[in-house]
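Peer 1: Supplied in structure tokens, the structure appears directly below.
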Amino acid sequence: MDKISIIIPCYNEEKVLSRFYRETSKEVSKIRDAECEFIFVDDGSRDHTPDLLQSFTYMDHRCKFICFSRNFGKEAAMYAGLKNASGNYCVFMDADLQHPPALLKEMYRAVKTEGYDCCAGLREDRTGEGHVRNLLSHAFYRILGRICNLDMADGAGDFRMMNRAMADAVLELREYNRYMKGIFSFVGFSTKWIPFRNTERAAGESKWSFRSLFRYALDGILSFSSAPASLSGAAGALLLIASLVTFLGFLFSGYFLPESDRNIVLLLVSLILMLHGVQMLFLAILGQYISRDYMESKHRPIYIEKRRGGF
Ligand code: UDP
Ligand code: MG
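This is how it looks when you write it as structure tokens:
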């Protein structure tokens, strides 16, 4: 019989956890040919979340929990949950019921019978989130897609069910700064997208502030791209072009100005621009070496196998 591990990162979720547990239990009971386990990961909550989780384990043997010693972030909680999951299918869900449990059945069908390795929810809209946050996230995904060469759908969240092969691949990426959306995209595997409507969280507050979202966005870019390290190269090239233009200005100013008035300032400016340009170019070269070393230090797998035959 199949086993689905439901992994739930929880940070100060006492207001919504019981409801989450009730509604999700109800939905998984509709999946006939699979049993499930709940793996709650308490990410250093300061409310009664750990006590609640403890009480779940008394009530229901399918419930397990891990408590962190402090807040390590959702990505760390997801990793811990996945590492301790024993199911042959694993699914990540938010505790606030923004990931509709009613989709679990359809997700299971997709990975079980339709030949997909993964089935992920795709938010159709961003109801319940501010306009500015909306706009910024759209811009962020466009930039990320362009510079990281990763296929990351806007609206793709962490709500996804995957088979064991993909779960093991995700676990093989042991980097400390984990940007899960990028990791899912990096490991590959076939993914079916199921659109769903975003809803307000059932209770409690979102844990994201603008500052943490900004840090998260930066994590995303820096974990998967060394493009920022090349920025100084572009700046260097621009400075050199500007230096050349100024130098030409200096040379030809002699044609329409008397020799004595030839603008010596232009020559100086051109020189300064050139020196800065050269410096920037060398910074970019240094950046390339450092970024290569940085990517190496993640010890990412060189390839990820999906299947074999005939060995
Ligand atoms: N979460 C977590 N650690 C954190 C922040 C959030 O484990 O430091 C969990 C949180 O309990 C919830 C999920 O991650 O289950 C999504 O968080 P939230 O609803 O605050 O994010 P949003 O839906 O606003 O993006
Ligand atoms: Mg939420």
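As numbered in our numbering, residues 13 to 323 make up the sequence shown, in order.
Ideal Cβ placement from N, Cα and C applies to all residues, glycine included.
Assuming A92 and V53 are in contact, meaning their beta carbons sit under 8 angstroms apart, how far apart are those beta carbons, in whole angstroms?
Peer 2: Sure, about 5 angstroms apart at Cβ, within 8 angstroms.
Peer 1: Under a CB-based cut-off of 7 angstroms, is F294 close to chain B?
Peer 2: Of the protein chains in the structure, only one exists, and it is not chain B.
Peer 1: Looking at F198: is its Cβ nearer than 7 angstroms to the Cβ of G133?
Peer 2: Not a contact, by the Cβ cut-off of 7 angstroms.
Peer 1: Using three-state DSSP, classify H118 as helix, strand or coil.
Peer 2: Residue identity check: residue 118 is Glu in the sequence provided, not His. If DSSP states are grouped into helix, strand and coil, E118 belongs with the helices.
Peer 1: Whose CA, out of R135, L109, L285, I19, lies closest to the CA of A88?
Peer 2: The option with the nearest alpha carbon to A88 is I19.
Peer 1: According to DSSP, what are the bridge partners of R135?
Peer 2: DSSP, once it has assigned bridges, lists F208 as partnering R135.
Peer 1: I'd like to confirm the pairing. Which residues does DSSP put opposite S17 in its beta bridges?
Peer 2: Paired residues: E49, C102.
Peer 1: With DSSP as the reference, please indicate the residues paired to R172 in a beta bridge.
Peer 2: Looking at the DSSP assignment, R172 forms a beta bridge with A132.
Peer 1: Looking at L280: is its Cβ nearer than 7 angstroms to the Cβ of S255?
Peer 2: It is not a contact, given that the beta carbons lie outside the stated cut-off.
Peer 1: How long is the line joining the alpha carbons of K42 and E136, rounded to whole angstroms?
Peer 2: If I take the Cα positions, the gap works out to 25 angstroms.
Peer 1: With respect to 6 angstroms, is the separation between the Cβ of N161 and the closest non-hydrogen atom of the ligand UDP below this value?
Peer 2: The answer is no for N161.
Peer 1: In whole angstroms, give me the CA-to-CA distance for M71 and F77.
Peer 2: So the alpha carbons of these two residues sit roughly 13 angstroms apart.
Peer 1: Does DSSP put K76 in a helix, a strand or coil?
Peer 2: Reduced to three states, the DSSP call for K76 is strand.
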